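Which chain is which? The protein sequence lines are A and B, in order.
So the first sequence is residues 35 to 229, counted in the numbering used here.
So the second sequence is residues 35 to 229, counted in the numbering used here.
Here's the structure we're looking at; comments come further down.
Protein chains: 2
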Amino acid sequence: MRKPKKKAAPSGNRREDLLRVCARLFREKGFDGTSIRDISQAAGMHSGSPFYHFETKQEMLVAVMEQGLEEGLRHLEAVAALKLPPAEKFRKLVRAHLETICGEGHDFIPVMLYDWRSLTPANRRRVIALKDRYDALWQKVTDELQAQGIMGGDAQLARLFTFGVLNWTARWYRAGGRKSLDEIAEEAARFLLRE
Amino acid sequence: MRKPKKKAAPSGNRREDLLRVCARLFREKGFDGTSIRDISQAAGMHSGSPFYHFETKQEMLVAVMEQGLEEGLRHLEAVAALKLPPAEKFRKLVRAHLETICGEGHDFIPVMLYDWRSLTPANRRRVIALKDRYDALWQKVTDELQAQGIMGGDAQLARLFTFGVLNWTARWYRAGGRKSLDEIAEEAARFLLRE
DNA sequence: CCTACCGATCGGTAGG
DNA sequence: CCTACCGATCGGTAGG
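In structure tokens:
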């Protein structure tokens with residue numbers, strides 16, 4: 035194997051660097067499509083070194099997903115705690131969610147959206163615990179919207195349809211495209227709230 | 035490698051059998067997570083035999099996607115050709131689309147939704163040609179709905195949001211769940227048409 | 001975190 | 001479509 039070009043600028047936390055590299059590569063090429071050597075090289079390490087930080091490649095995958103969900107939850111829960119009318123809160127949640135899915139350098143949650151299948155059943159359970167909190171947060175806002183008659187139909191389906199609109203953006207959004215993330219967030223909220 | 039259990043019930047077209055097996059396995063485990071040996075065994079062949087039908091594994095992937103899109107298009111274009119009010123036509127298109135995405139034995143289009151990244155750039159172009167026809171078909175109905183004031187906002191975004199609601203169902207729908215595919219289709223159409 | 005390495009598995013092929 | 005096989009690459013490890 036080739037030698038990494040540089041000794042890598044000394045960084046406080048190599049584990050974090052590694053995780054960021056994993057997130058980016060997993061998102062671009064998929065978990066199975068990314069080799070340990072790809073990761074090592076991108077992090078400026080030799081091919082055996084990632085295993086000093088993570089026991090297995092599978093551990094890198096869960097770590098990426100968990101970190102993404104935890105950061106996302108922190109953001110969303112802060113927004114959800116604001117005292118605002120439901121529709122206004124919803125708009126802000128939509129914007130925050132789109133940021134964690136399409137924003138510059140936000141590769142962590144997309145990895146979860148794309149590579150769920152690659153998790154072992156045991157690790158799937160670990161991630162589901164976090165995902166449940168995500169679902170509960172959105173379900174609560176959805177319920178509020180429905181109570182106000184701004185959103186109709188079955189409550190759980192309404193949440194899943196909302197996730198569809200938002201999460202699908204990860205597939206087609208490109209920075210520098212026809213619409214900015216702000217514009218898309220605004221239109222998505224309007225679309226979902228039938229305004 | 036182990037010997038395939040049976041000689042495989044004689045079938046008219048082994049290539050088609052192989053493609054069905056590929057679609058199912060690619061959907062379940064991903065393209066990179068499925069080995070030629072997985073495919074051979076599931077098809078009741080020996081491990082070198084799939085290459086009698088396809089030049090490379092990559093060719094199996096495009097073939098799955100192309101067949102899925104072609105069949106889907108045939109269905110949808112038949113529905114789109116019906117003389118019906120836009121909203122009614124939309125409802126039927128939603129139902130047909132959900133069938134090709136969640137229906138029993140419909141693994142072909144989900145492979146495209148999941149494993150797009152695994153296509154080589156050249157093959158991506160081949161598939162995009164078909165996907166464009168899909169997009170155009172939906173864009174036309176979306177435009178009709180907007181002309182009637184049943185759907186608002188930017189026309190292209192409205193289509194992408196619609197795709198989000200529909201395509202995302204592939205992630206969470208499970209046969210035998212709380213809602214049938216018919217019920218989901220009806221609610222999705224209502225949700226999108228803000229009825 | 002590097003060095004040097006291993007066994008397993010991978011996609012693919014030649015020849016029949 | 002089977003048989004027998006190959007070179008490459010994979011995730012991971014022991015020892016420092």
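All residues carry an ideal CB built from backbone N, CA and C; glycine is no exception.
On a predicted model such as this, the values are computed, not experimentally measured, just so you know.
> At least one CB of chain A closer than 8 Å to the CB of Lys175(B): is that the case?
Replying inline: This sequence places Val at residue 175(B); Lys is not what is there. Output row for Val175(B): interface = no.
> What in chain B is Cβ-close to Gly67(A), meaning under 8 Å?
Replying inline: Scanning chain B for C-beta atoms nearer than 8 Å to the C-beta of Gly67(A) yields Asp66, Arg151, Ser152, reported in chain order.
> Between the stretch 46-57 of chain A and the stretch 83-96 of chain A, do three or more beta carbon pairs fall short of 8 Å?
Replying inline: yes
> Is the shortest distance between the beta-carbon of Lys39(A) and the beta-carbons of chain B less than 8 Å?
Replying inline: Unreliable placement is indicated for Lys39(A), whose pLDDT of 39 sits below 50; no coordinate value is reported for it.
> Interface residues of chain A around Ala192(B) at Cβ under 8 Å?
Replying inline: Simply Phe225.
> Which residues in chain A sit within 7 Å of Lys63(B), going by Cβ to Cβ distance?
Replying inline: Those within 7 Å of Lys63(B) in chain A are Arg151.
>> Less than 8 Å between the beta carbons of Tyr168(B) and Leu226(B), yes or no?
In response: no
>> As an exercise, report each continuous beta strand (DSSP E) stretch of at least 3 residues that is fully enclosed by the stretch 75-140 of chain A, in chain order.
In response: none
> To which residues of the same chain is Ala114(A) closer than 6 Å at the C-beta, ignoring the five residues directly before and after it?
Replying inline: Once the five neighbours on either side are set aside, the close Cβ partners of Ala114(A) are Leu171.
> By DSSP, does Gln182(A) sit in helix, in strand, or in coil?
Replying inline: Here Gln182(A) sits in coil by DSSP.
>> Taking the alpha helix (DSSP H) that Asp216(B) belongs to, which residues open and close that run?
In response: 215-226
> Do you know whose CA, among Gly211(A), Ala189(A), Ile218(A), Leu179(A), lies nearest Leu191(B)'s CA?
Replying inline: Ile218(A)
> How about Leu194(B) and Met185(B): are their beta carbons less than 8 Å apart?
Replying inline: no
> When the Cα atoms are used, what is the spatial distance from Glu100(B) to Glu229(A)?
Replying inline: 38 Å
> List, in order along the chain, the chain A residues whose C-beta lies closer than 9 Å to that of Lys213(B)?
Replying inline: Asp188, Gln190, Leu191
>> Going by DSSP, what residue range makes up the alpha helix (DSSP H) through Thr196(A)?
In response: Where Thr196(A) is concerned, the enclosing alpha helix (DSSP H) stretches over 189-206.
> Is the number of C-beta pairs between the stretch 80-87 of chain A and the stretch 139-158 of chain A that are closer than 8 Å three or more?
Replying inline: no
> Taking 8 Å as the CB-CB cut-off, is Glu221(B) touching chain A?
Replying inline: Yes, contact with chain A.
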